[in-house]
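Anchor point for the sequence shown: position 162 equals 162 in full-length UniProt numbering, and the numbering is continuous, going up by one each time.
Glycine included, every Cβ here is placed at the ideal spot set by N, Cα and C.
It should be emphasised that the depicted structure is a prediction, and the values quoted were computed from it without experimental measurement.
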Amino acid sequence: MKKLVLSGFLASEEIYINQLEALLLPMRPLKATATTSQPVLTIQQVETIFYKIQDIFEIHKEFYDALLPHIQQWDEKVAVGHLFKKLNLKVKGPKDSKDCTTNDLLKHTPKDHPDFPLLQDALRISQNFLSSINEEIDPRRTAITTPKGEARQLVKDGFLVEMSEGSRKLRHVFLFTDLLLCAKMKKTSAGRQQQYECKWYIPLADLTFQLLDDSDVCPHIQVLPEHEIEEIKIKISVIKSDIQKEKKALKGQSRNVERLRKKMNEQESWLLLHSPTIPFRIHNKHGKSYLFLLSSDYERSEWRESIQKLQKKDLQPCQLSSVELQVLTSSCCKLRTVHNIPVTSNKDDEETSGLYGFLHVIVHSAKGFKESANLYCTLEVDSYGYFVSKAKTRVFRDTTEPQWNEEFEIELEGSQCLRILCYEKCYDKTKLNKDDNEIVDIIMGKGQVQLDPQTVQSKNWHVDVIEMNGIKVEFSMKFTSRDLSLKRTPSKKQSGVFGVKISIVTKRERSKVPYIVRQCIEEVEKRGIDEVGIYRISGVATDIQALKAAFDTNSKDILVMLSDMDINAIAGTLKLYFRELPEPLLTDRLYPAFMEGIALSDPAAKENCMMHLLRSLPDPNLITFLSLLEHLKRVADKEPINKMSLHNLGTVFGPTLLRPSESEVTKGHITLASDIWSHDVMAQVQVLLYYLQHPPISFAELKRNTLYFSTDV
Numbered sequence: 001m002k003k004l005v006l007s008g009f010l011a012s013e014e015i016y017i018n019q020l021e022a023l024l025l026p027m028r029p030l031k032a033t034a035t036t037s038q039p040v041l042t043i044q045q046v047e048t049i050f051y052k053i054q055d056i057f058e059i060h061k062e063f064y065d066a067l068l069p070h071i072q073q074w075d076e077k078v079a080v081g082h083l084f085k086k087l088n089l090k091v092k093g094p095k096d097s098k099d100c101t102t103n104d105l106l107k108h109t110p111k112d113h114p115d116f117p118l119l120q121d122a123l124r125i126s127q128n129f130l131s132s133i134n135e136e137i138d139p140r141r142t143a144i145t146t147p148k149g150e151a152r153q154l155v156k157d158g159f160l161v162e163m164s165e166g167s168r169k170l171r172h173v174f175l176f177t178d179l180l181l182c183a184k185m186k187k188t189s190a191g192r193q194q195q196y197e198c199k200w201y202i203p204l205a206d207l208t209f210q211l212l213d214d215s216d217v218c219p220h221i222q223v224l225p226e227h228e229i230e231e232i233k234i235k236i237s238v239i240k241s242d243i244q245k246e247k248k249a250l251k252g253q254s255r256n257v258e259r260l261r262k263k264m265n266e267q268e269s270w271l272l273l274h275s276p277t278i279p280f281r282i283h284n285k286h287g288k289s290y291l292f293l294l295s296s297d298y299e300r301s302e303w304r305e306s307i308q309k310l311q312k313k314d315l316q317p318c319q320l321s322s323v324e325l326q327v328l329t330s331s332c333c334k335l336r337t338v339h340n341i342p343v344t345s346n347k348d349d350e351e352t353s354g355l356y357g358f359l360h361v362i363v364h365s366a367k368g369f370k371e372s373a374n375l376y377c378t379l380e381v382d383s384y385g386y387f388v389s390k391a392k393t394r395v396f397r398d399t400t401e402p403q404w405n406e407e408f409e410i411e412l413e414g415s416q417c418l419r420i421l422c423y424e425k426c427y428d429k430t431k432l433n434k435d436d437n438e439i440v441d442i443i444m445g446k447g448q449v450q451l452d453p454q455t456v457q458s459k460n461w462h463v464d465v466i467e468m469n470g471i472k473v474e475f476s477m478k479f480t481s482r483d484l485s486l487k488r489t490p491s492k493k494q495s496g497v498f499g500v501k502i503s504i505v506t507k508r509e510r511s512k513v514p515y516i517v518r519q520c521i522e523e524v525e526k527r528g529i530d531e532v533g534i535y536r537i538s539g540v541a542t543d544i545q546a547l548k549a550a551f552d553t554n555s556k557d558i559l560v561m562l563s564d565m566d567i568n569a570i571a572g573t574l575k576l577y578f579r580e581l582p583e584p585l586l587t588d589r590l591y592p593a594f595m596e597g598i599a600l601s602d603p604a605a606k607e608n609c610m611m612h613l614l615r616s617l618p619d620p621n622l623i624t625f626l627s628l629l630e631h632l633k634r635v636a637d638k639e640p641i642n643k644m645s646l647h648n649l650g651t652v653f654g655p656t657l658l659r660p661s662e663s664e665v666t667k668g669h670i671t672l673a674s675d676i677w678s679h680d681v682m683a684q685v686q687v688l689l690y691y692l693q694h695p696p697i698s699f700a701e702l703k704r705n706t707l708y709f710s711t712d713v
């Protein structure tokens, strides 16, 4: 692979050298006539037009001549990194294939090869130079001049959801060096250039984040029930799956693919508009206030910090004339750095679709705090174009070096990025903010890492450090695909409860429902039923493992441990118990029938089939399932407080209680695609949701009806 990459680079170098040589042909006679009495061009004009062509030609020719023999007589141990480093130091030109090639070479160079550090240096030199060009002298990011006569530059832009006249509107917001401009994209006919219409602007000298008058009450934010958001995600996943099938069948030539893409774009745009709930309020000292909704505290912090950094300069209030405003707004198309709304349908097919499955993250520790504080971290991952907060460490009190060492399991839905935010916990009730969803804790630092599938998908933990405002947070992560994470491995132990058949456990305990299930349910109902995100937010993995060991050894301290343990760890232990059963609670044998039953369109036929399937379960499985069902309904009754709807609970438990056997998968009867949320997983959620939405189901009533339905499944 390394030889192949180098050969391709050599071929492009040859073309480049030939083109440089072609430029040198007219340069020489023009240069010669420049000193005569009748010059075609002056010597200054020749040097401007053919700037450094001779030097660039010689540098690239030297590089080509040095690399060619290494390719012709290939030896994988030979080092060529010094040639790339020398080329990058000598040629600091526009971004061409150098960057890409150095990247590709790094991928195919072992870390212990002498080339590896040299290629890293070459890439760093090139990227540093290019980023300095982009930041300092990119003329495209400069608009018209400011009142002080300086060039007005674009600092940041992006799509935000604005609450306007009581409804959500998608806006493109532009932060310039002296003002914030909010625009909307005008509808234009196909083929015509995009245009913006300015909705409002605020000079940064007049912009504030604080309400000047407490009586100025901002509108209440309407938040959609989470099950509606989840339903749209399921629809998007189905469409993605359909697009993949169409592409395979017709190699992407079908009109149907375009129709599906359009449909997916509509659903994703709806999700983008309705999912954000974190308020970001902007006020004009001399006028109106505006409210944006963001999906992440990270984004809000970024916008606020960018504005505050510019406000530290000596800014003058500015008033744009209608002509100036028109010129500035029309320049936004040329200046913007974010071109499309962040939906899948706007991405190239070649772009990575992200990771689907479970990311295990251990947040170890943090350093770099100047003063003692109460510190905690939150973890966010991207999902369907926006970021979602997925886990939170405990608060480490009064320290400059917190040692959390907490592990979390985070579900990924097409995620490409992990963010870590470090907060100082505020216990001062006088600082409480009246705004809904407003986090009053102070962000001490924030940072993010790309979830590179090759790095993350190894079986070993990948240790990393995020640097944020002088603070360093150390963490480890590893990834498990959705299919592998739900693979069941029977326990080799004769005792214990995890990985042991439910019938064996209930027989040994002389109980109808396993002790572990009863105790976890009881504890969650006692003190976790009001907990926001119960069963969805990860518990600390070490706590879960401690509880697992206690239940497996039938420890006398179980009840004490349960009363002291964080409630999310208890919820996680219950989920782990069902996940580690040697076969799912609703059994391997009945899985295909559950899949067929939930797909029936006739309500009466579906009811008969779904109830008959429950009757066909072994008694311990059925009684345990019914007691879990009633518990989850009681949790959902508290949805206004805990934000866990029946649909959310179905999403959490469905794929755990219902899963195809490995024989079904290997026979090819079931397709488990890890790159999309497969139809199977959605059907599993729908099965559990059917029973959750059903009126109470009595074990005695079900068994009484067995007489009428005695045929086998």
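Between the alpha carbons of residue i and residue j, how many angstroms are there, rounded?
i: Ile-17; j: Phe-50; result: 15 Å
i: Leu-294; j: Ile-282; result: 13 Å
i: Tyr-196; j: Leu-154; result: 15 Å
i: Ala-549; j: Leu-412; result: 28 Å
i: Glu-630; j: Glu-596; result: 24 Å
i: Ile-15; j: Ile-71; result: 17 Å
i: Met-1; j: His-108; result: 6 Å
i: Leu-118; j: Phe-84; result: 8 Å
i: Glu-467; j: Leu-23; result: 47 Å
i: Lys-248; j: Ile-232; result: 25 Å
i: Asn-405; j: Ile-534; result: 22 Å
i: Leu-6; j: Arg-124; result: 19 Å
i: Leu-576; j: Leu-310; result: 49 Å
i: Lys-169; j: Leu-646; result: 29 Å
i: Arg-259; j: Thr-48; result: 52 Å
i: Leu-30; j: Gln-44; result: 11 Å
i: Ser-97; j: Arg-261; result: With a pLDDT of 46 at Ser-97, under the threshold of 50, the modelled position of that residue is not reliable, and no figure is offered here.
i: Ala-593; j: Pro-603; result: 16 Å
Cβ of residue i within 8 Å of Cβ of residue j?
i: Gln-448; j: Arg-419; result: yes
i: Phe-57; j: Leu-87; result: no
i: Thr-656; j: Ile-502; result: no
i: Asp-530; j: Ile-442; result: no
i: Ser-538; j: Glu-380; result: no
i: Ile-697; j: Leu-614; result: yes
i: Met-477; j: Val-388; result: no
i: Leu-702; j: Met-611; result: yes
i: Cys-332; j: Gln-193; result: no
i: Ser-269; j: Ile-221; result: no
i: Val-363; j: Phe-209; result: no
i: Cys-198; j: Leu-325; result: yes
i: residue 714; j: Leu-160; result: As shown, the chain starts at 1 and ends at 713. That puts residue 714 outside it, with no answer to give.
i: Tyr-384; j: Leu-224; result: no
To which residues of the same chain is residue i closer than 7 Å at the C-beta, ignoring the five residues directly before and after it?
i: Ala-205; result: Leu-315, Gln-316, Pro-317
i: Asn-284; result: Ile-202, Asp-206, Leu-207
i: Ser-275; result: Ile-229, Ser-295, Tyr-386
i: Asp-543; result: Met-565, Asp-566, Ala-569
i: Thr-337; result: Asp-157
For residue i, collect the residues of the same chain with a Cβ closer than 6 Å to its Cβ; drop the 5 residues on either side in sequence, then sort them by chain order.
i: Val-505; result: Val-497, Pro-514
i: Glu-523; result: Leu-562, Ile-570
i: Tyr-290; result: Ile-282
i: Thr-400; result: Phe-369, Ser-372
Can you tell me whether residue i is buried or exposed? The criterion is at least 16 other CB atoms within 10 Å of its CB, across all chains shown.
i: Arg-579; result: buried
i: Arg-255; result: exposed
i: Trp-303; result: buried
i: Tyr-427; result: exposed
i: Val-440; result: exposed
i: Asp-619; result: exposed
i: Glu-525; result: exposed
Assuming residue i and residue j make a contact with CB atoms under 8 Å, what is their CB distance in whole Å?
i: Ala-79; j: Pro-114; result: 5 Å
i: Thr-480; j: Phe-396; result: So it is not a contact: roughly 28 Å between Cβ atoms.
i: residue 769; j: Thr-587; result: What the structure shows of the chain is the stretch from 1 to 713, and residue 769 is not part of that stretch, so it cannot be assessed.
Residues in its own chain within less than 8 Å of residue i by CB, not counting five upstream and five downstream?
i: Lys-472; result: Ala-366, Lys-367, Gly-368, Val-465, Ile-466
i: Gly-650; result: Val-685, Gln-686, Leu-688, Leu-689, Leu-692
i: Leu-10; result: Tyr-64, Leu-67, Leu-68, Ile-71
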